[in-house]
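Peer 1: Numbering (full-length UniProt numbering), first residue to last: 1 to 468. Here a beta-carbon is modelled for each residue, glycine too, at the ideal position from N, C-alpha and C.
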């Protein structure tokens, strides 16, 4: 039976400012009501499959768990990487886990941040790939190109394998424009989708041939893994020692058992703002708009308004993205250079590359709505039944005003309820906790004051989410 393996570890700098290091694009609803991760899970539903395996970075674990909960997925296994080592080791850990449960397991390896519009066509390609995988092939899905794209790697097909697919002749890197035109004209080349189907045992055999040290490190990392709430935390030291490489470089470019199955299903990796514009609905002037947008004499725009009105007059071929704390304006032909802005933000130690103003926590969300030299104001939303850690701050006091719901507050030796329109005060150095005992979200305004207001001024004594 198929075991879906969903790679959810990307950081997504090319869609900044909507995508951030701690909230990358796979967790965003870019093409539908659900996030890209949730849409990936949804397209698995008609397939007969085992409970999925998800692989993500430790810092995204609660985002993944919450989005699975929202999707009604309760039996997925979430493997945590302490440090990203690229796709080959991540898939190896998933393969080792799958083989331990079923020696004949087939792995369907998918990225959490791709778009597929034609789900029946996707399932048909999976069925053809399964026939080859059961015969021992390592199958990749080659997207039938619609134009001479220079932003993707390509796969050249070799001899046919019945009606299922073709042998892989070679993988090629991203081409220049003229070479891409040649690839398109021959009809023998596909875009490299980064999706795969193969027996877990076959993948491990081939990886052992070409990268034995990688397999050994992954075995050690999984053997030393520890259960942590809903997560499986790989042994950090062992996984960090694993060689880092992609599945293409580590296995697919060397194996003699590679096959490619054509995929013609409205696929996109949404690797840039222009790519999102291409797959979005347009008005009669070629504009793709999201949110509160007002246009006048404007053409071929990608406009994303997150929290306020965005208006344009007499412009064309631009990307305009507004969030609570940043605005991007870029020419559509140069959106790949957005990553240079992200690199500058990171080099300057600015928070806009890592976090939105709204920050997700396992217990809910906080929004930093104002700040100054010695104060900070946050809007805090706590999910029903959730509780923040029992904690203390050395440098700040906190005032809490409940806006809706009821708060259960631990303040030193006292525990009491605070209802709507009531407030309480937490002095510097006081051990405290906040809990929502109700069945509706708890919303409150928190005013912090003190000499230092950073998130690292938190001493946790007890935490139901394992962060103490």
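For the stretch 247 to 259 against the stretch 159 to 173, are there 3 or more C-beta pairs whose distance is under 8 Å?
Peer 2: yes
Peer 1: So, is residue 67 buried or exposed, given that buried needs 16 or more other C-beta atoms within 10 angstroms?
Peer 2: Start at 1 with the first residue of the chain shown, and residue 67 comes out as number 67. When all chains shown are included, residue 67 counts as buried.
Peer 1: With the cut-off set at 8 Å, would you say residue 9 and residue 84 are in Cβ contact?
Peer 2: Indexing the chain shown from 1 puts residue 9 at position 9. Indexing the chain shown from 1 puts residue 84 at position 84. Against a cut-off of 8 Å, the Cβ pair of residue 84 and residue 9 comes out as a contact.
Peer 1: Whole angstroms are fine: how far does the CA of residue 341 sit from the CA of residue 409?
Peer 2: In the chain shown, residue 409 corresponds to position 409, counting from 1. In the chain shown, residue 341 corresponds to position 341, counting from 1. Roughly 42 Å separates the two Cα atoms.
Peer 1: Please give the ranges of any beta strand (DSSP E) in the stretch 391 to 430, keeping only runs that are unbroken, at least 3 residues long and fully inside the region.
Peer 2: 396 to 404, 407 to 411, 414 to 418, 423 to 426
Peer 1: Taking C-alpha atoms, which residue in 394, 81, 327 lies nearest to residue 428?
Peer 2: Translated into the one-based positions of the chain shown, residue 428 becomes position 428. It is 394.
Peer 1: Pick out whichever of 2, 460, 316 has its Cα sitting closest to the Cα of residue 199.
Peer 2: Your numbering for residue 199 matches position 199 in the chain shown. It is 2.
Peer 1: Any idea what DSSP makes of residue 228, helix, strand or coil?
Peer 2: For the purposes of this step, residue 228 is taken as the residue at position 228 of the chain shown. Three-state result, residue 228: strand.
Peer 1: Looking only at C-alpha atoms, which of 75, 354, 102, 25 sits nearest to residue 231?
Peer 2: Within the chain shown, residue 231 is the residue found at index 231, counting from 1. Closest option to residue 231, Cα to Cα, is 75.
Peer 1: Answer with buried or exposed for residue 234, where buried requires no fewer than 16 other C-beta atoms within 10 angstroms of its C-beta.
Peer 2: Taking the first residue of the chain shown as position 1, residue 234 is located at position 234. Counting Cβ neighbours within 10 Å, residue 234 comes out buried, since at least 16 surround it.
Peer 1: Closer than 8 Å is the cut-off here; do at least three beta carbon pairs connect the stretch 11 to 28 with the stretch 322 to 334?
Peer 2: yes
Peer 1: Quick check: what's the CA-CA separation for residue 190 versus residue 174?
Peer 2: On the chain shown, residue 190 is found 190 positions in, with the first residue counted as 1. On the chain shown, residue 174 is found 174 positions in, with the first residue counted as 1. Rounded to whole angstroms, residue 190 to residue 174 spans 12 Å at the Cα level.
Peer 1: Do residue 269 and residue 114 have their CB atoms nearer than 8 Å?
Peer 2: To locate residue 269, count along the chain shown from 1; it is residue 269. To locate residue 114, count along the chain shown from 1; it is residue 114. Closer than 8 Å, so yes.
Peer 1: Could you check what DSSP says for residue 190 in three-state terms: helix, strand or coil?
Peer 2: Your numbering for residue 190 matches position 190 in the chain shown. The answer is strand: DSSP assigns residue 190 an E or B state.
Peer 1: My output table needs one value for residue 370: the three-state DSSP class, helix, strand or coil.
Peer 2: The residue you call residue 370 lines up with position 370 of the chain shown. Three-state DSSP puts residue 370 in a strand.
Peer 1: With a Cβ-Cβ cutoff of 8 Å, do residue 441 and residue 362 count as a contact?
Peer 2: Sequence index remark: in the chain shown, residue 441 carries index 441 (1-based). Sequence index remark: in the chain shown, residue 362 carries index 362 (1-based). No, they are not a contact pair.
Peer 1: When DSSP labels each residue in this structure, what does residue 31 get in the three-state scheme?
Peer 2: The sequence position of residue 31 within the chain shown is 31, counting from 1. In the structure shown, residue 31 sits in coil (DSSP, three-state: anything other than H, G, I, E or B).
Peer 1: Quick one: Cα of residue 129 to Cα of residue 405, how far?
Peer 2: The residue you call residue 129 lines up with position 129 of the chain shown. The residue you call residue 405 lines up with position 405 of the chain shown. C-alpha separation (whole angstroms): 52 Å.
Peer 1: With distances taken from CA atoms, which of 145, 213, 212 is nearest residue 182?
Peer 2: Counting from one through the chain shown, the residue named residue 182 turns up at place 182. Residue 145 is the option with its Cα nearest to residue 182.
Peer 1: Would you check if there are 3 or more beta carbon pairs closer than 8 Å linking the stretch 345 to 361 to the stretch 18 to 32?
Peer 2: Yes: at least three Cβ pairs fall under 8 Å.
Peer 1: Touch check for the stretch 201 to 221 and the stretch 32 to 43: three-plus C-beta pairs under 8 Å?
Peer 2: The stretch 201 to 221 makes no contact with the stretch 32 to 43: fewer than 3 CB pairs, one atom from each, lie closer than 8 Å.
Peer 1: With a Cβ-Cβ cutoff of 8 Å, do residue 412 and residue 396 count as a contact?
Peer 2: The count along the chain shown starts at 1 and reaches residue 412 at position 412. The count along the chain shown starts at 1 and reaches residue 396 at position 396. Taking 8 Å as the Cβ cut-off, residue 412 and residue 396 do not qualify as a contacting pair.
Peer 1: Rounded to a whole number of angstroms, what is the C-alpha to C-alpha distance between residue 138 and residue 109?
Peer 2: Position 138 of the chain shown holds residue 138. Position 109 of the chain shown holds residue 109. Each residue's Cα considered, the two are about 11 Å apart.
Peer 1: Using DSSP bridges, identify the partner residues of residue 261.
Peer 2: Mapped onto the chain shown, residue 261 falls at position 261. Paired residues: 141.
Peer 1: Within its chain, find whatever has a CB closer than 6 Å to the CB of residue 13; leave out the 5 residues flanking it on each side and keep chain order.
Peer 2: For the purposes of this step, residue 13 is taken as the residue at position 13 of the chain shown. Residues of the same chain with a CB within less than 6 Å of the CB of residue 13, apart from the 5 flanking positions on each side, are 339, 342 in chain order.
Peer 1: By how many angstroms is the C-alpha of residue 313 removed from the C-alpha of residue 295?
Peer 2: Residue mapping note: residue 295 aligns to position 295 of the chain shown, counting from 1. Residue mapping note: residue 313 aligns to position 313 of the chain shown, counting from 1. Answer to the nearest angstrom: the Cα atoms are 6 Å apart.
Peer 1: What are the start and end residues of the alpha helix (DSSP H) that includes residue 339?
Peer 2: Locating residue 339 in the chain shown gives position 339, counting from the first residue. Annotation: the continuous alpha helix (DSSP H) that includes residue 339 extends over 338 to 347.
Peer 1: In whole angstroms, give me the CA-to-CA distance for residue 150 and residue 99.
Peer 2: Indexing the chain shown from 1 puts residue 150 at position 150. Indexing the chain shown from 1 puts residue 99 at position 99. Computed Cα separation, rounded: 37 Å.
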